[in-house]
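Residue numbers for the sequence shown follow this note's numbering, beginning at 1 and rising by one.
To keep things clear, I will list the structure first and then write my remarks on it.
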Amino acid sequence: MSELLIPQEGEYGAFYETYISKVRGADISELLISQVEELRSYFEGMSEEKATYRYDDGKWSLKEVIGHINDTEKVMLFRALCFARNDDQELPGMEQEDYVKAANFNEVPLVNLLEEFELTRYIIRSFMNGLPEEAYTRVGIANGYEISVRALLNIIPGHFKHHMQILHERYT
């Protein structure tokens with residue numbers, strides 16, 4: 001992995017360490033694409049009914065987890081785009097429960113959720129590969145915290161790994 005993509009201490013809020021630590025030292029560009037196959041493999045052959053399974057009351061269904069991942073990745077990409085382009089506006093947070101509730105992911109065909117994930121990943125990688133070097137270390141404020149472009153790009157696959165661990169531990 002390029003040193004350019006490794007976020008340094010102080011480039012992100014402490015709560016993001018959960019995600020960044022899961023991918024520290026990995027090739028982020030490669031991981032963005034390999035995780036597409038990982039997600040497809042997990043859901044291969046799964047019925048629509050099974051994809052609406054929740055492991056407990058009040059917990060998200062499998063489809064809702066994918067939808068949440070998709071929404072989060074688009075939010076993180078938007079933040080990275082803004083900060084990479086020197087936009088100095090403070091960006092809002094994201095209330096994940098409200099997003100999931102409003103989206104009604106259980107009514108979306110599983111194949112569509114998986115395709116959205118894949119397409120989003122290719123867009124993220126294309127964006128990342130087109131950035132000038134100095135853009136990776138640019139910072140902005142999102143959800144009240146200062147964060148760098150490269151930290152956001154690490155959070156994306158780290159957040160995915162976090163949720164895949166949950167899928168394997170609680171849904172399988």
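Don't be surprised by glycine CBs; every beta carbon is placed ideally from N, CA and C.
The structure presented is a predicted model; accordingly, all values stated were derived computationally and were not measured.
- Secondary structure of I6 (DSSP, three-state): coil.
- The three-state reading of DSSP puts S21 in coil, since its state is none of H, G, I, E or B.
- Contact check for I141 against E11 fails: the beta carbons are separated by 8 angstroms or more.
- Annotated three-state conformation of S61 is coil, per DSSP.
- In terms of Cβ geometry, L77 and F127 form a close pair [threshold 8 angstroms].
- For Y145, the three-state secondary structure derived from DSSP is strand.
- By the Cβ criterion, the stretch 40-57 is in contact with the stretch 101-116, since at least three pairs of Cβ atoms, one from each stretch, lie closer than 8 angstroms.
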